[in-house]
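> My structure is below; once you've seen it, I'll send some questions.
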Amino acid sequence: MESIGSIADGYLLSTLIFLPLASCVVLWFLELLLRVFANGAGISEAFWKLYGVAVSLAGFLVSLEVWNRFDPASGQLQLVERVPWLANLGIHYYVGIDGISLLLVVLTTFLLPVILLASWSDIGVRVRQYVFFMLALQTGMLGAFLSLNLFLFYVFWEAMLVPMYFVIGIWGGARRIYATIKFFIYTMVGSLLMLIGILTLVYMHFQEFGVLTFDYIGFGGATGILDVPIAAWPEQDPWWSQRQVWLFLAFAFAFAIKVPMFPFHTWLPDAHVEAPTPGSAVLAGVLLKLGTYGFIRYAIPLFPEAAQACAPLMLTLAVVGIVYGALVALVQSDVKKLVAYSSVSHLGFVMLGLFAFNLQGIEGSVLQMVNHGISTGALFILIGMIYERRHVREISAFGGLAQVMPIYAVFFLIATMSSIGLPILNGFVGEFLILLGAFGTYPIFAAVATSGVLLGAVYMLWMVRRVFFGPVVHQANQRLVDLSLRERLVAVSLVIPMVWIGVYPASFLTPMDASVNALLARLRDRGAVLSDEVALDANPRGGQEIDLAGESEPLEKEPDA
Amino acid sequence: MDPTDSSLRLIPLFPLLAALVSGMWLLFVRRELPRGVVAALACSAPIASFAVAVAAVIRMAGEFGPGERYLVDNVYTWISAHPFHAELAFLLDPLSAVMVLVVTGVGSLIHIYSIGYMNDDHREDRGFQRFFIYLNMFMFAMLMLVLGDNMLVMFVGWEGVGVCSYLLIGFWYLEDHNAMCGQKAFVVNRIGDLGFLLGVFILFWAFFDAGPSYATIEFREMAVNIGQIADRTVELPGVLSFLPGFPTWGLLTLAGLCLFVGACGKSAQIPLYVWLPDAMAGPTPVSALIHAATMVTAGVYMVSRMSFAYAYAPGALATIAWVGAITALFAGLIGICQNDIKKVLAYSTVSQLGYMFLAVGVGSYSAAIFHLMTHAWFKALLFMGAGSVILGMHHIQDIRQMGGISRYMRVTHFTFLAGVIAICGIPPTSGFFSKDEILLGTYLAHDVPGHYALYGIGLFSAGITAFYMARLYFLVFRGENRSSIEVQRHIEEQPGWVTAPLVILAGLALVGGLFTPPDLYGELFGWEASNRLHHFLEPLIPMAEHEVAHSTEVLLALAAVAVGLSGVFLAWVFYFARRDLPDRIATGAQGLYQLVHEKFYVDEIYTALIVRPLLWISDRVFYRLIDRVLIDGLGVNGFAASVRGLAEHGLKFAQTGSAQSYVFGMVVGCVLLVAYLVSGLGV
């Protein structure tokens, strides 16, 4: 094990996390040196941009190496690193990856270079800071995805707010200060509840076992939070007096704001509208997924009984979000706002799949997180391209663009189709699995949610029609130039994963199989203690084996006589 | 013998490749290829598919005995989440064989026709190549739909044809109206698609409940295992208490109805037919290919494909029969009063599709597929003939301005006439045989409630069909031309690209039915080939076997012919002999005429009852009231304001307004909290 190669092995995830930030710090330092010793001549902005793209691209390559080393057959956390930090408080620098975080990590590292390339000519001022904040953001997001210590997770979770705050606040639109403070404070309020939840959880664990740890999973034989029946579920008590439920809700509140779930979504349209293109793309592409990821990594496995007891609540919010988000998107006149509300709808689907508690639903959800990141990220990037040319986002300011910018129209249409879930593009696979899974456990919720698929087509196509079809009515649109080579490169690199996931989703479903099954196994073990009146009764297909136990059907097929 | 045949994948692959090559060229080279190259590439794809399909069908029919005729091609596992799995796999069995031959055969002819039709079009840059890309994409999707081995691959095609239809209807997108029609088609189709999806979900989980090993969406396995779920029931939720049979329904009835909603969307049945007449905004070859011969028949095909499930869902079948019959009548009535040549044909298509569903609903699947096939011939022919006339008339589509075209365009005239004769059901054309089989099947379907009424509606609709088609013929081809002198001077026959496909289809429409005449004629005239299609399909789809006396059968056929002829005769009187009559009737029954002419105001009703209220409630209630005022205003900002108020009075020193200090404060707070906890614990 302890060969030279395994040293790199040992720090692969840390390399992945800190590469962006560290590279940036190095360049800052160089710039500082140059300014001091070379008569104030710093590094050119163009070089900073190039450097940003190169570093994020290197991050993508590292993440591919992570994927390469990842063993899809195991549902365990892999490539684990654990270094004492504040060890006597149970706080460790503790990172690791499983099939679920793997996909989201690769999504992050994939999107960042694309976004940086897309914003090449968009960001004109303070380019150095911009590159710095974007790369710092990448470090924060990757850290949050990979943390296995609740304290570390919290630090990354909060840390990534800061660069985002500045990206919106500096390069944003007219109401950027309102939007960014709203975004910041709103998320923080949620996080504080989560922090209280974390501390309570750690304290309870300490009381019961005498071990103080923030670790997500026991390490080296020690018990960890996940291993013990913490916050047991006394069956005689009603659900609302269970400690677990309140802990779950504390976590869920923080994550629901981030997702955002209805009715905690109103910061999102403001943030999206005011954010610059790369800000919107990162926000929609990755940041929102931290909310759904929080559910699947923490809120659900830490509090399995509570999660199942609260499932009807979460599902109701999810389905309301799907329909409500779609209907509100329908009447927006601002392209970005429309896509922002469509995110509320799409992430409702993700939540629906998560709380279906079966393999189809959860795998669909995780895949849909990736899909939404790519499709909505692509939509925001494409909207940015036209915003750069016209500096308006009102739908009514366009019309007939298909004639003046046919290439742009093609890519936009592909992104639209991906977003509304057209088969052989990515969105369909996720949505289908989510709805299939949800229908297995909660047919009524799923049936209502399917209307979101219809409404999605309505608002997106209506927008496409008003922007791209019809005559060119505005003079300013007559002279628009079609996509440049760089822009086409960006668009193509976004279309490739759309088609790949749509045509061959196995590349993305297989790696998470074992991890999702491990999660389901935990839910099943713990869900069994639930009394009939709560969730499991309404959840007959929580996992495949549950039914097997109840039925004496032989596994081999009986040919029908 | 091994039923695996990896050539099946080639059938949808050719059009896909052609579309990709052509599309990539446009996208990256950004110049249109020479038209000859585009046309050659685009047309060779469906022709190649047709050739592969013919070879595969011959192999299937030759090497395997009846009852075990099928070929499969498993490409790879597409979506898998245990126990759910969907292979990308293709299935060729007698049913899909008929469909694939119709789609690639008629499709190839329409591709060739399009060369001539679109060559005339100079409305937009890149129009020619873009058109053929869409057309090839459509062929790909349609072939996926037809050849899919499971419900999900079928759904790929199902949605795919919807998208291509959207693109092609809105092909001339510079006119907003066209784009709007395309969008309407997509959205209405999607309503149906949801029904399809729900049907898939219900069936999958029902099979899963019967035993995880049964959980599949593959057609052949489902057909084998259908008995496992045949007697399952579902409890309907309370909101559905108005439905008949509440509160328990057969599960297959529910699934069957959901799937039928899908069929209604795709095949333009009441209440989802409204997109098809508007789909005429697309170029005419599109109307012929998509909105007459192939895509719109997908619903009929799907229901036939799922016949093993419908066999246990008599309620669903009766619903299908009634919806089909009423659609046939309703659309026929509207067709009488239309003045756009393509709109007449569109309503005629809706009506004929209703006929096919009537057949399916009464259990005469083979009659439905037979009519599907003959309809593909004569309706594609009629549309392409109409297109030829439209080209000749320089894009005038109003039949009130036409007339006397027979003198200018002889080939178009005779081929169109062949189509009219076929659709009117005059023996021995193909339309006569297929329509007759449907009416016979309806007459004999004793287990369907109200089958005599259904028969009556069907017969009456046949008369209406004959009437409006003959009206169309007389108004367009007979009498004097009513357009301006300028237009008249330029009317001339179209080039061979356009007319050659017409001639081929006219031949099929006239004599194609003799390929598989009903048993009756086989016995009367001693034909060997009687009911060939029926026997070909029989192992796959359950056939309602009815004993019927020859005399009854002959009487029914005579009645159908008589009704058809009287329809033609009436049209002759009204639109040839006594040209003043229609106007007098229209003025006499002003209200009624207006109602029918305005298509019973269905679009207006939908707009008023669904679209407007939805937009209003979304904007005023959800967005402005709930989102802006309640949640954001009172909730979020209200909360923030009250905290701020508190802070200004009590905690002013902390209100620095800089986020950095907040973060700082938070981190300090964190540390303090932790320190407090730890010190309390005595670590």
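Line order of the protein sequences matches chains A and B. All letters in the first sequence, in the order written, are residues 1 to 561 by the working numbering. All letters in the second sequence, in the order written, are residues 1001 to 1683 by the working numbering. We put the beta carbon where it would ideally sit given N, CA and C, even for glycine. Since the model is a prediction, treat every value here as computed from it, not as a measurement.
Determine whether the Cβ of Thr450/A lies closer than 7 Å to any Cβ atom of chain B.
Yes, because at least one Cβ of chain B sits closer than 7 Å to the Cβ of Thr450/A.
> Using a Cβ-Cβ cutoff of less than 6 Å, which residues in the same chain neighbour Ile381/A once the five nearest sequence positions on both sides are dropped?
Cβ within range, chain order: Ala118, Ala281.
> Would you call the segment 1388-1395 of chain B and the segment 1480-1494 of chain B in contact, with 3 or more CB pairs under 8 Å?
Contact between the segment 1388-1395 of chain B and the segment 1480-1494 of chain B is present, because at least three Cβ pairs lie under 8 Å.
> Name the residue from Asn68/A, Phe183/A, Gln138/A, Ala514/A whose alpha carbon lies nearest to the alpha carbon of Leu57/A.
Closest option to Leu57/A, Cα to Cα, is Gln138/A.
> Give the single residue among Ala1040/B, Thr1607/B, Thr1297/B, Ala1331/B whose Cα lies nearest to the Cα of Gln1373/B.
Checking the sequence, you will find Met at residue 1373/B rather than Gln. The residue with the shortest Cα to Cα distance from Met1373/B is Thr1297/B.
> Just verifying my parser: in three-state terms, what is the DSSP assignment at Tyr1076/B?
Strand at Tyr1076/B.
> Could you tell me which whole alpha helix (DSSP H) segments of length 4 or greater appear in the segment 460-491 of chain A?
With a minimum length of 4 residues, the continuous alpha helix (DSSP H) runs that stay inside the segment 460-491 of chain A are 475-478.
> Which runs of the alpha helix (DSSP H) spanning at least 4 residues fall entirely within the segment 231-280 of chain A, listed in chain order?
Fully enclosed alpha helix (DSSP H) runs of 4 or longer: 243-258, 267-274.
> Could you tell me whether the Cβ of Arg1471/B comes closer than 7 Å to any Cβ of chain E?
You won't find chain E in this structure, because its protein chains are A and B.
> Going by DSSP in three states, Trp1616/B sits in which element: helix, strand or coil?
Of the three classes helix, strand and coil, the one that applies to Trp1616/B here is helix, per DSSP.
> Can you give, in chain order, each stretch of the alpha helix (DSSP H) that sits fully within the segment 1247-1309 of chain B and has at least 4 residues?
The qualifying runs are 1251-1266, 1275-1278, 1284-1288, 1298-1305.
> Beta-carbon separation of Val267/A and Tyr186/A under 7 Å?
Residue identity check: residue 267/A is Trp in the sequence provided, not Val. Yes, they are a contact pair.
> Once DSSP output is grouped into helix, strand and coil, what is the label at Gln78/A?
The answer is strand: DSSP assigns Gln78/A an E or B state.
> Short check: CB of Phe349/A to CB of Ile217/A, under 7 Å?
No. Outside cutoff.
> Assign Ile1011/B to buried or exposed, taking buried as 16 or more other Cβ atoms, counted over all protein chains shown, within 10 Å of its Cβ.
Burial call: buried.
> Between which residues of its own chain and His346/A is the CB-CB distance below 6 Å, once the five residues before and five after are set aside?
Result list for His346/A: His372, in chain order.
> Measure the Cβ-Cβ separation of Gly1332/B and Ile1464/B and say whether it is below 7 Å.
Yes, Cβ-Cβ distance for Gly1332/B and Ile1464/B is below 7 Å.
> Determine whether the beta carbon atoms of Val1568/B and Cys1424/B lie at a separation below 7 Å.
In this structure, Cys1424/B lies closer than 7 Å to Val1568/B by Cβ.
> Could you give the residue range of the beta strand (DSSP E) that holds Tyr1623/B?
Looking at the DSSP string, Tyr1623/B is not in any beta strand (DSSP E), and its letter there is neither H nor E.
> Against Ile1191/B, what residues of chain A qualify as contacts under a CB-to-CB distance less than 8 Å, listed in chain order?
By Cβ distance, chain A contributes Leu454.
> Can you check whether the C-beta of Arg465/A is within less than 7 Å of a C-beta belonging to chain B?
Judged by the 7 Å Cβ criterion, Arg465/A is in contact with chain B.
> Of all the options Leu330/A, Leu32/A, Thr316/A, which has the alpha carbon lying nearest to the alpha carbon of Ala356/A?
Nearest option by C-alpha distance: Thr316/A.
> Which residues share a DSSP beta bridge with Val83/A?
Answer is Tyr93/A, bridged to Val83/A.
> If you drop the 5 nearest sequence neighbours on each side, which residues of the same chain put their C-beta closer than 7 Å to that of His1550/B?
Answer for His1550/B: Leu1520, listed in chain order.
> Would you call the segment 1163-1173 of chain B and the segment 1130-1148 of chain B touching, i.e. three or more CB-CB distances under 8 Å?
Cβ pair count under 8 Å is three or more, so yes.
> Can you list the residues of chain A that Asp1073/B reaches, using a CB-CB cut of under 8 Å?
Those do not exist, as Asp1073/B stays about 16 Å from chain A at its closest Cβ, beyond 8 Å.
> Tell me the residue span of the alpha helix (DSSP H) that contains Thr376/A.
From DSSP, the alpha helix (DSSP H) with Thr376/A extends over 359-390.
> Roughly how many whole angstroms lie between the Cα atoms of Pro1237/B and Ala447/A?
Going by the C-alpha atoms only, they are around 12 Å apart.
> Inspect the beta-carbon positions of Lys1379/B and Ala1292/B and report whether they are closer than 7 Å.
Taking 7 Å as the Cβ cut-off, Lys1379/B and Ala1292/B qualify as a contacting pair.
> Mind listing the chain B neighbours of Gln360/A? Cutoff is C-beta to C-beta under 7 Å, in chain order.
Residues of chain B passing the Cβ test: Ala1081, Phe1084.
> So, helix, strand or coil for Glu1523/B, using DSSP?
If DSSP states are grouped into helix, strand and coil, Glu1523/B belongs with the helices.
> Kindly list, in the order they appear in chain B, the residues whose Cβ is closer than 7 Å to that of Thr266/A.
By Cβ distance, chain B contributes Asp1627, Ile1631, Asp1632, Val1636.
> Under 6 Å Cβ to Cβ from Leu19/A, same chain only, skipping five residues before and after it: list those, please.
These residues qualify, in order along the chain: Gly59.
> Could you tell me whether any Cβ in chain B is nearer than 7 Å to the Cβ of Glu208/A?
No, because no Cβ of chain B sits closer than 7 Å to the Cβ of Glu208/A.
> What residues in the segment 325-340 of chain A bring their beta carbon closer than 7 Å to a beta carbon of chain B?
Here the close residues are Leu327, Val328, Leu330, Val331.
> So what's Glu1175/B in DSSP terms, helix, strand or just coil?
Reduced to three states, the DSSP call for Glu1175/B is coil.
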